[in-house]
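Note sheet for the following structure.
Residue numbers (the working numbering): -19 to 325.
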């Protein structure tokens, strides 16, 4: 039922960045959320710039391939801990200069966990540990664009509470400088739209005319590091293009129809608009009848699509190209499944 409701530039000053890269060689970055979608890109980008990186995971044995293949040593190390259990974080940020967090409930699979437990409390645990280390001077946090307009959404309320405390503590102590990045949206989140297109029909909210500037994680990571190195404290970030939500649906439709054209299995994708009153009623019912884990993402997407989510353009990877890559991945997976039916049973 979720599907029914879902719908090359960069921050660069060459001379300043050159100097920043020289300084980064002696700095260590602690990456919380390292095994998640954005965290993996941040680890790779930081190492490429000469930072030493300490990556946090709950289980070293379950590192994604992108991190498992990086040799561990002086420049890269992996440590275990659980952000929701502060006692497991003791001493982990020692000797670190920068703490990066993309921790959010979408990265947690624990039953019964709520947004306040992760998006607020877990990040609060990280901040408290950073204070105890007495070495962390910057806290980089991934927030949400236009958060102040959506504080009635539980996900946003939790994130906003943490950001408010992070900024307040810096104002009072001048010790840990915040760098709060606010992406318009992630390409990975918009795979929901592509999934609908692959099933033959994309649903959008209302007339879907509001704007969004989604970005690929591989473009977002260097933009975040640039913001950090330039001491930016608040930065809205969008991808290289800005679309209406209807445009996003049309790109998903194009990627699927082009991807299957001339292969004997052509596909036609329809786009249907769900009236706002229907989505509003559906979200309200969901909040009464389902868990936060079920209704939370729908509530956020429904509310975000009511606002102008456009942001300054950064990066180079286009959404249509991303969608086309995902369609080819889907086709390969389907072929593998048909060739090895036993593996899918």
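Glycine is no exception: its CB is placed at the ideal position from the N, C-alpha and C atoms.
Subject >> C-alpha distance - residue 17 paired with residue 172, whole-angstrom precision >> reply: Computed Cα separation, rounded: 15 Å.
Original post:
What residue does the beta strand (DSSP E) around residue 181 start on, and which one ends it?
Top reply: Looking at the DSSP string, the run of the beta strand (DSSP E) that includes residue 181 is 181 to 185.
**OP:** Rank 94, 285, 261, 130 by C-alpha distance to the C-alpha of residue 223 and give the top, closest one.
**Re:** Nearest option by C-alpha distance: 285.
**OP:** Evaluate residue 54 with the Cβ neighbour count: other Cβ atoms within 10 Å of its Cβ, from every protein chain shown; 16 or more gives buried, anything less gives exposed.
**Re:** By the 10 Å Cβ count, residue 54 comes out exposed.
**OP:** Taking all protein chains shown into account, decide if residue 103 is buried (16 or more other Cβ within 10 angstroms of its Cβ) or exposed.
**Re:** Residue 103 is buried by the Cβ-count criterion.
**OP:** To the nearest angstrom, report how far apart residue 83 and residue 226 are at their CA atoms.
**Re:** About 30 Å.
Original post:
Is it buried or exposed for residue 316, if we count other Cβ within 10 angstroms and need 16 for buried?
Top reply: Classification of residue 316: exposed, given that the 10 Å Cβ count is below 16.
Subject >> Per-residue burial, residue 203 [other beta carbons within 10 Å of its own, 16 or more giving buried] >> reply: With 16 or more other CB atoms across the displayed protein chains lying within 10 angstroms of its CB, residue 203 is buried.
Original post:
Helix or strand or just coil, what does DSSP make of residue 255?
Top reply: Per DSSP, reduced to three states, the secondary structure at residue 255 is coil, with no helix or strand assignment.
**OP:** Kindly confirm or deny that the region 190 to 204 and the region 241 to 249 touch, where touching means at least three C-beta pairs closer than 8 Å.
**Re:** Output reads no: the region 241 to 249 does not touch the region 190 to 204.
Subject >> Residues bridged to residue 224 [DSSP beta-bridge criterion] >> reply: In the DSSP output, where bridge partners are listed per residue, residue 224 has 191.
**OP:** Please list, in chain order, all residues of the same chain as residue 127 whose beta carbon is under 8 Å from its beta carbon, the five residues on each side excluded.
**Re:** So the qualifying residues of the chain are 136, 139, 140, 143, 162.
Original post:
Does the Cβ-Cβ distance between residue 131 and residue 106 come in under 8 Å?
Top reply: No, the pair does not count as a contact, with Cβ atoms beyond the cut-off.
Subject >> Per DSSP, cross-strand counterpart(s) of residue 34 >> reply: Answer is 10, 57, bridged to residue 34.
Original post:
By the 10 Å Cβ neighbour count, where 16 or more other Cβ atoms means buried, how is residue 309 classified, buried or exposed?
Top reply: The residue in question, residue 309, is exposed, as its Cβ has fewer than 16 Cβ neighbours within 10 Å.
Subject >> Given 8 Å, three or more beta-carbon pairs between the region 163 to 170 and the region 205 to 212 >> reply: At 8 Å Cβ cutoff, the stretches do not touch.
**OP:** Kindly indicate which three-state DSSP category residue 175 falls into: helix, strand or coil?
**Re:** Here residue 175 sits in helix by DSSP.
**OP:** Would you identify the three-state DSSP class for residue 16, choosing helix, strand or coil?
**Re:** Here residue 16 sits in coil by DSSP.
Original post:
Skipping 5 residues on each side, what residues in its chain have a beta carbon closer than 6 Å to that of residue 295?
Top reply: 195, 199, 219, 220.
Original post:
Could you give the uninterrupted runs of the beta strand (DSSP E) lying entirely in the region 204 to 250, keeping only those of 3 residues or more?
Top reply: Entirely contained in the region 204 to 250, the beta strand (DSSP E) runs reaching 3 residues are, in chain order, 214 to 217.
Original post:
DSSP beta-bridge partners for residue 28?
Top reply: Note: residue 28 sits in no beta bridge, so no partner.
Subject >> Coarse secondary structure for residue 295, derived from DSSP in three states >> reply: Looking at residue 295 - three-state DSSP - the assignment turns out to be strand.
Original post:
Unbroken beta strand (DSSP E) runs of length 3 or more, entirely within the region 136 to 172: which are they?
Top reply: Runs of the beta strand (DSSP E) spanning 3 or more residues and lying entirely within the region 136 to 172 occur at 157 to 163, in chain order.
**OP:** Output the distance between the C-alpha atoms of residue 1 and residue 30, rounded to the nearest integer angstrom.
**Re:** Bear in mind that a pLDDT of 46 at residue 1, under 50, signals an unreliable position, so the model cannot answer this.
Original post:
Taking the alpha-carbon positions, what's the residue 278 to residue 6 distance?
Top reply: The alpha-carbon atoms of residue 278 and residue 6 are separated by roughly 43 Å.
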